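Chains A and B are the protein sequences, given in the same order.
Going letter by letter, the first sequence gives residues 13 to 127 in the numbering used here.
Going letter by letter, the second sequence gives residues 11 to 123 in the numbering used here.
Ideal Cβ positions, reconstructed from N, Cα and C, are used throughout, including at glycine.
Bear in mind that the values here come from a model prediction, so they are computed numbers and not experimental data.
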Amino acid sequence: ETAVFQTPNYHVTQVGNEVSFNCKQTLGHDTMYWYKQDSKKLLKIMFSYNNKQLIVNETVPRRFSPQSSDKAHLNLRIKSVEPEDSAVYLCASSPHNWGALNTLYFGAGTRLSVL
Amino acid sequence: QQKVQQSPESLSVPEGGMASLNCTSSDRNFQYFWWYRQHSGEGPKALMSIFSDGDKKEGRFTAHLNKASLHVSLHIRDSQPSDSALYFCAVSELSGSFNKLTFGAGTRLAVCP
């Protein structure tokens, strides 16, 4: 089965802790993304990587850091989580990082709850 | 102001009915439009894209684009309960040498049996 896989599905933690989320795609795509979906379901891009290189870094607090070991994996680490970090974090991939015909394929998301 | 405006916020149609969703971009840099659908507990999934003026039909789904007004609509014919989901309009702009997808706030569709 080819798709975008995220772990964990759900994570509960306390303010100030560090968390890490994993994402793997088996679609053979060059580009991967992290999106944040808030409680109102708004989707905002956080980072984009193309072949392990960071190409998009939106205005995101410095406690967020993406990590890519190869083009199939993109992880997200959050140092010292804050209550406003509670959200669903969606990983996605696309064949390329250019061109209008660039479909995004999303994982099921990791729901983070910060107590 | 959001660059991508969707209406209505929510919509309820009877099974077998027609659902119509709207999306307008406020930025002429946004020329390429997508519709994504998200079922509860899942990630969004691309439904269709449209880049040229006029209609594009894929099965029960028809998108209509008016580039002059930067308005795109999605019409779902013969709506099914499985169509109940959150529908996002997304627009693509060229940011430097790569494109970036910006999503609207979504329209929640409920299809009632």
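Review point. Taking Cβ-Cβ distances below 9 Å as the criterion, which residues of the region 48-62 of chain B are in contact with chain A?
Key: Gln48, Gly51, Glu52, Gly53, Pro54, Lys55, Ala56, Ser59, Phe61
Exercise for review: Check the C-beta distance from B/Pro43 over to B/Ile60 and give it rounded, since I have them as a contact under 8 Å.
Suggested key: For clarity, residue 43 of chain B is Phe in the given sequence; the question names Pro instead. The Cβ separation is near 5 Å, so the contact holds.
Practice item. Could you check the C-alpha separation between B/Ala73 and B/Asp65 for me, to the nearest Å? Key: 6 Å
Check your understanding: So what's B/Ser92 in DSSP terms, helix, strand or just coil?
Key -> helix
Check your understanding: So which of B/Leu21, B/Val101, B/Leu84, B/Arg118 has the shortest CA-CA distance to B/Ser35?
Key -> B/Val101
Point to revise | Cross-chain neighbours of B/Lys110 in chain A, by beta carbon under 7 Å | key: Ile57, Val68
**Study point:** Rounded separation between A/Thr122 and B/Thr117 - CA only
**Key:** Computed Cα separation, rounded: 22 Å.
Review point. Looking only at its own chain, which residues have a Cβ that is under 8 Å from the Cβ of A/Gln79, when we skip the five neighbours before and after it?
Key: Leu86, Asn87, Leu88, Arg89
Exercise for review: Output, in chain order, the set of chain B residues within a Cβ distance shorter than 9 Å of A/Gly40.
Suggested key: Within chain B, no residue comes near A/Gly40; the closest Cβ sits about 17 Å away, beyond 9 Å.
Review point. Are the Cβ atoms of A/Phe118 and B/Gly114 separated by less than 7 Å?
Key: no
Point to revise | When A/Tyr47, A/Val72, A/Pro95 are compared against A/Tyr101, the one with the closest alpha-carbon | key: A/Tyr47
Check your understanding: B/Ala120 CB to nearest chain A CB: under 7 Å?
Key -> no
**Study point:** Short Cβ contact (7 Å threshold) for A/Phe29 with A/Val93
**Key:** The question names Phe, but residue 29 of chain A in the sequence shown is Asn. Yes, Cβ-Cβ distance for A/Asn29 and A/Val93 is below 7 Å.
Point to revise | Cut-off 6 Å between Cβ atoms - residues of its own chain near A/Ser125, not counting five sequence neighbours on either side | key: Val24, Ser98
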